[in-house]
Amino acid sequence: MRFAAGIDGGGTRTTVECRSADGTVLCRAVFGPFNLNSIGEERFTALWAEITAFLGEKGQCAALCAGAAGVSNPRVQTLTAQAMERAGISNWRMAGDHEIALHGALSGQPGCALIAGTGSICCGRNARGEFVRVGGWGHLIDDGGSGYALGRDALAAVVRQWDGRGEKTVLSELVPAKLGIKTPQELVAYAYGGDKSRIAAAAPLVEQAAGLGDRIALRIYGRAGMELSALAAAAANRLGLENGEVALLGGLLRHDKCLRAAFMADLMEKAPGLRCVEPRQDAAAGAAMLAVELLGKDLP
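FYI, in the numbering used here the residues of the sequence shown are 276 to 575.
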């Protein structure tokens with residue numbers, strides 16, 4: 276049986292979904308992490324061997340789409356190409372994790388997907404098949420409205436109060452208590468002593484402070500909501516979508532009600548024709564649907 280396979284390669288696990296030519300889901304399987312930088316080339320090659328062996332047991336994989344972060348890495352492309360050649364799969368493509376997330380969230384229909392977690396990005400596709408991405412340029416120069424941005428602004432509010440150049444905020448009590456910090460020097464050591472996830476860890480404190488009516492926390496949310504709505508509005512504008520759906524993805528938009536409310540309020544002003552929706556399917560389903568599209572193009 277000829278079928279299409281979609282792969283969502285994540286940092287902790289890889290999900291494979293197989294579909295028939297008409298889009299019917301045939302099966303799913305879960306494998307280990309996909310991130311080449313984390314697992315190394317030997318394990319990455321072994322992972323592909325596991326996946327292609329699984330696909331070979333199911334029949335003839337006539338099209339495959341694999342989505343993950345960092346797919347532009349030349350070694351990812353090279354090692355994947357080698358794995359595809361060994362498996363006899365000639366009709367395949369790599370896609371960014373945001374592209375397969377978009378396709379799954381809207382079941383392949385036109386619209387946008389806004390993703391806010393530690394970082395932030397928005398991508399979209401219109402009825403002509405044109406694809407755009409907005410944002411996602413990393414925490415050093417971008418990622419507005421992300422968990423990193425919320426955490427950074429919370430820490431900034433604390434040091435500003437300590438300096439006497441910022442308003443009083445309950446964050447100056449919540450941040451030291453949460454992070455085990457007692458002095459400004461310890462806060463500096465914490466902020467610059469690790470990766471961006473350490474900064475993002477302070478993001479939940481903004482929601483806690485906002486729940487207490489803290490004005491600084493509410494301003495942080497207002498700024499973050501504007502940043503996220505600007506991403507969605509820009510993507511829709513570039514695609515010519517005056518009306519349409521914006522799927523909300525990422526842990527921050529799912530769990531932080533204050534951020535979600537701030538974003539939706541500002542989006543209503545910037546792009547009143549857009550409406551926010553919950554994702555319909557996940558990224559693995561999105562990759563599988565893209566693989567079905569490849570399969571369709573390959574059919575006589």
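Glycine residues also receive a C-beta, built at the ideal position from the N, C-alpha and C atoms.
Item to complete: State buried or exposed for glutamine 556, treating a residue as buried only when at least 16 other CB atoms are found within 10 Å of its CB.
Response: buried
Worksheet item: Where do the N-terminal and C-terminal ends of the alpha helix (DSSP H) with glutamate 316 fall, by residue?
Response: 311-333
Discussion item. Does methionine 369 come out as helix, strand or coil in the three-state DSSP assignment?
Written reply: strand
Worksheet item: In whole angstroms, what separates the C-alpha of threonine 289 from that of serine 447?
Response: 40 Å
Worksheet item: Going by beta carbon distance, what residues of the same chain come within less than 8 Å of glycine 331, once the five residues before and after it are set aside?
Response: Ala362
Fill in: Beta bridge counterpart(s) of glutamate 520 as assigned by DSSP
Arg550
Worksheet entry | Helix, strand or coil at alanine 280 [DSSP, three-state] | strand
Worksheet item: To which residues of the same chain is lysine 333 closer than 8 Å at the C-beta, ignoring the five residues directly before and after it?
Response: Met276, Phe278, Cys293, Leu301, Cys302
Discussion item. Whether or not the region 436-445 and the region 474-494 are in contact is what I'm after, with contact meaning three or more pairs of Cβ atoms, one per stretch, closer than 8 Å; do they touch?
Written reply: yes
Worksheet item: Could you check where the alpha helix (DSSP H) with glutamate 360 kicks off and where it finishes?
Response: 349-362
Worksheet entry | Close beta carbons around alanine 508, own chain, < 8 Å, minus the five adjacent residues each side | Leu542, Lys545, Ala546, Leu549
Worksheet item: What number of angstroms, rounded off, separates the C-alpha of glutamine 357 from the C-alpha of glycine 519?
Response: 40 Å
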